[in-house]
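Enquirer: Read top to bottom, the protein sequences are chains A and B. Counting with the working numbering, you get residues 24 to 431 for the letters of the first sequence. Counting with the working numbering, you get residues 24 to 431 for the letters of the second sequence.
2 protein chains.
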Amino acid sequence: MPQTVVMKFGGTSVGTTERINAVANRVSEHIRSTGDRVVVVVSAMSGETDRLIELGKQAGGCGNKSREYHQLVTAGEHASIALTAMALESKGQPAQSLLANQVPIRTHEIYGLNLISDIDVEKLNALLDEGIVPVVAGFQGVGEDGSFTTLGRGGSDTTAVALAASLGSCPCFILTDIDGVYTALPSICRGAKKLKKLTYEEMLELASSGAKVLQARSVSFAHKHRVPLWVASSFSDDEGTEILEEYEGMEDAVVSGITCRVDEAKFTLRNLPDKPGIAAKLFKALGDAEVVVDMIVQSQGAGGNAAISFTVPQEDTSAAEGALKNLLLELPEASVEVDTDIAKLSVVGEGMRTHAGVASRMFEVLGSEGINVEMITTSEIKISVAIQAKYSELAVRVLHEAFIQSSS
Amino acid sequence: MPQTVVMKFGGTSVGTTERINAVANRVSEHIRSTGDRVVVVVSAMSGETDRLIELGKQAGGCGNKSREYHQLVTAGEHASIALTAMALESKGQPAQSLLANQVPIRTHEIYGLNLISDIDVEKLNALLDEGIVPVVAGFQGVGEDGSFTTLGRGGSDTTAVALAASLGSCPCFILTDIDGVYTALPSICRGAKKLKKLTYEEMLELASSGAKVLQARSVSFAHKHRVPLWVASSFSDDEGTEILEEYEGMEDAVVSGITCRVDEAKFTLRNLPDKPGIAAKLFKALGDAEVVVDMIVQSQGAGGNAAISFTVPQEDTSAAEGALKNLLLELPEASVEVDTDIAKLSVVGEGMRTHAGVASRMFEVLGSEGINVEMITTSEIKISVAIQAKYSELAVRVLHEAFIQSSS
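1. List, in chain order, every chain E residue whose beta-carbon is nearer than 7 Å to that of B:Ala160.
2. Tell me, please, whether the segment 177–187 of chain B touches the segment 366–382 of chain B by the rule of three or more beta-carbon pairs shorter than 8 Å.
3. Where does the unbroken beta strand (DSSP E) through A:Ile128 begin, and where does it stop?
4. Does chain A have any CB closer than 8 Å to the CB of B:Leu237?
5. Under 7 Å Cβ-Cβ, which residues of chain B neighbour A:Arg129?
6. Contact between the segment 86–95 of chain B and the segment 46–62 of chain B: three or more CB pairs below 8 Å?
7. Measure the beta-carbon distance from B:Leu389 to B:Val396 and round it to whole angstroms, keeping in mind my assumption that it falls under 8 Å.
8. By the three-class DSSP mapping on this structure, what secondary structure does B:Ser51 have?
9. With the cut-off set at 8 Å, would you say B:Val19 and B:Ala118 are in Cβ contact?
10. Using only the alpha-carbon positions, how far apart do A:Thr199 and B:Leu347 sit?
11. Could you please tell me which residues of the segment 28–61 of chain A, in chain order, have their CB closer than 7 Å to any CB of chain B?
12. Could you work out which residues of chain A lie near B:Glu112, taking near to mean beta carbons separated by less than 8 Å?
13. Is there contact here, the segment 98–111 of chain B with the segment 61–77 of chain B, by at least three beta-carbon pairs under 8 Å?
14. Please name the residue in B:Gln125, B:Ser103, B:Thr172 whose C-alpha comes closest to that of B:His131.
15. Can you tell me whether B:Val315 is buried or exposed? The criterion is at least 16 other CB atoms within 10 Å of its CB, across all chains shown.
16. Put A:Ser391 into one of helix, strand or coil per three-state DSSP.
17. Give the secondary structure of B:Gln163 by DSSP, where H, G and I count as helix, E and B as strand, and everything else as coil.
18. Are the beta-carbon atoms belonging to B:Leu295 and B:Leu351 less than 8 Å from one another?
19. Residues of chain A with CB closer than 7 Å to the CB of B:Gln119, please, in chain order.
20. Examine chain A for any beta-carbon lying closer than 8 Å to the beta-carbon of B:Gly79, and answer yes or no.
21. List, in order along the chain, the chain B residues whose C-beta lies closer than 8 Å to that of A:Ala342?
22. So is A:Ala105 in contact with chain B if we call contact Cβ pairs under 8 Å?
23. Would you kindly check if the distance between the Cβ of A:Thr264 and the Cβ of A:Lys235 is under 8 Å?
24. Measuring CB to CB, does A:Ile201 end up less than 8 Å from A:Ser256?
25. Determine the direct distance from the alpha carbon of B:Asp317 to that of B:Asp59, and round the result to whole angstroms.
26. Roughly how far, in whole angstroms, is the beta-carbon of A:Ala357 from the beta-carbon of A:Leu305, given that I think they are within contact range, below 8 Å?
27. Between the Cα of B:Trp253 and the Cα atoms of B:Ser279, B:Met226, B:Met273, which residue gives the shortest distance?
28. If you measure between the beta carbons of B:Ala47 and B:Leu150, is that distance less than 8 Å?
29. Residues of chain A with a CB under 8 Å from the CB of B:Ala230: which are they?
30. B:Gln116 versus chain A: which residues are under 7 Å apart at the beta carbon?
31. Please say whether A:Cys193 and A:Ala245 have beta carbons closer to each other than 8 Å?
32. How about A:Asn124: is its C-beta nearer than 8 Å to some C-beta of chain B?
33. With a threshold of 8 Å on Cβ separation, who are the neighbours of A:Gln428 within its own chain once the five nearest residues in sequence on each side are excluded?
34. Is there contact between the segment 262–278 of chain A and the segment 334–349 of chain A, where contact requires at least three CB pairs shorter than 8 Å?
35. Over the uninterrupted alpha helix (DSSP H) stretch that includes A:Thr97, give me the two end residues.
36. Given this structure, state the Cα-to-Cα distance separating A:Glu167 from B:Thr222, to the nearest angstrom.
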């Protein structure tokens, strides 16, 4: 039965005009064969956002929180949406491109992040009613004062999910250059296999811990609004991976996927006086500097002194160092060490809710390869560890063998 | 005394980030030294619009009347305004970039042309009151349905003049890569000199007949709204050319400027029956095809047959041929010839209102060089002739010597 669906194509899928034509073919064939009402979301052509940011730097500055940064980078989708709409029209499929302020997709700012507050679907529905495909700019929104805003790297996924949510929680297809979500990165791990189904929570944990296939925020958005979500290839008709609330046998496999990220930096503060309030001061200072802290380990040192380790995104390293400066002035004994050669390795799976012993097995497997676990953090369905970066590929492979290949 | 002024920079002036920084320096120094409230208008970086159009062609079509054509090419200024605003901010001058739909600059369509119907100056004035320079996208508008529209090649001039008109007919500076309006193209005519002043009507005639320094439409807009207009260099402090209602001694020189354009095609229809209504039918067919006819000559042929010659823009040649097809079916005797090797040469000057004999002197000068005049058309302050294109540079030089160098 014909339905409304959102199809999102990433930067690689619209990276050349040849690919844009392929996207247009895919969309118009889908409409011809199903009768679906399709809303298309596209990112900027791959490389375009970086080109614009480079020009911005040359024009004297491109701080990614400035109004003009957002005004500038949104020019990328301005071109790609029009090109995609043109390609659709040339295939006989009426289409209209829409920038964020032409929909509009309204955002508000919270702690420096732009969140979608409201999407007006009146225009979209009017176009769909006329058989016209709206081609909406991903990644961008419009702020309260009419300025462009952006939703962060990978923000087009969130645009797509938010549109699907606003259109009555219709199905949302994230079409990309890989054909689904894998148990591990196939380029590292030859035994990696495509997952047919994942829960929102599994996908969220995978996305937050390094799987680049989807922006994490889009997954929580989809979960909250019960948007049926698929990750599939732009260029084949393979089914891809379905992301949903729950599926039969979802706890059979203990671990669904293994991810790794190497973009964090580990700070270690030693010789801290072991008294209340130090940790609070530390993390308040980091919070004030808008640095997001990920893993934290606090340990008792010798002679009544304490040590605290934590990780932050590498791009926030200097912001974090700045935030620590004043605190360190008050604590002349303390020392700080920064290590950017760390990897954060995560195993994720609904099965971990019911299966115990995953952490100990993980340590055992890593230990048998001589890999030291420096930090650890867990959620109900995830265990993450920090290890030395040079071991990251090896660690992914041995964990994949132990938890996934051995159980299938 | 501080005043509001509009400063417009063309594509060459913002063609690189280095030049954008130079523009930002110029604007911020102007503000520092005068205290003026400045609105900046910029075009797309030179080459960018063509790059977008080429991509559009590759995406299956880029008809310049389609909605998506306008949506696409307006991406050019989307980037340049943000870069210019960034460069201003990096010089310590607060600035905000504005796309046409962020101002908004509203347009309506008449005979396929988008005309500015209304500019909302509330936001501009609010920014100016706060000491923020609005950097407005030239060339673009927003249509009644919220889609982007464009104002034609050179349309940024019209944007600038329209903004100046809306801001109380404040002064408008068109800053470009040449330092003013010249009596003829200096690259053809070494004796060409910069004009200090011109009337709106002279400028309009020069712009419509080949002087590329200003979009003709912007001049009539400026005239209608009494916007004080200057054409000057982006990169020097020279005074440039002032365009105004009238100036002392404006009729002293018979001819103010000589222009030439080689972008027209001449159609000649022969063996037309010499009866009423043929010309009407012909020009109605051309009008229906949205072909703008420039010069027209009708002549009596031998044996009661008539001939009609007319010129159209070369880009409309095939549209004109299409429009003639049906008419020719009704007139089996008639023949049609198309000549694209023609040049249209114009001499313009307020002095022609009072001085007679310009046309005869013009024919004399051209004739003495063996240049045949094929068509002629006149206004109160202009005489244009069609000649063979190969003589165009020579003709400009001899007319410049006869009318301008000899009289100064």
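From the three backbone atoms N, C-alpha and C, an ideal C-beta is built for every residue, glycine too. These numbers come from a predicted model, not from an experiment.
Expert: This is what the structure gives:
1. The question asks about chain E, but that chain is absent: this structure's protein chains are A and B.
2. no
3. 128–133
4. no
5. In chain order: nothing, as chain B lies at least about 14 Å away.
6. no
7. 6 Å
8. helix
9. The structure shown does not extend to residue 19 of chain B, since chain B spans only 24 to 431, so no value can be given for it.
10. 51 Å
11. Thr40, Ile43, Asn44
12. Gly83, Gly84, Ser89, Glu91
13. yes
14. B:Thr172
15. exposed
16. helix
17. strand
18. no
19. Arg90
20. yes
21. Per Cβ cutoff of 8 Å: no residues; A:Ala342 is ~21 Å from chain B at best.
22. yes
23. no
24. yes
25. 42 Å
26. The pair is not a contact, with the Cβ atoms about 10 Å apart (cut-off 8 Å).
27. B:Met226
28. no
29. Within chain A, no residue comes near B:Ala230; the closest Cβ sits about 30 Å away, beyond 8 Å.
30. Here the premise fails: no neighbours, minimum Cβ distance about 11 Å.
31. no
32. yes
33. Gly214
34. no
35. Segment: none, A:Thr97 is in no alpha helix (DSSP H) and carries neither H nor E.
36. 45 Å
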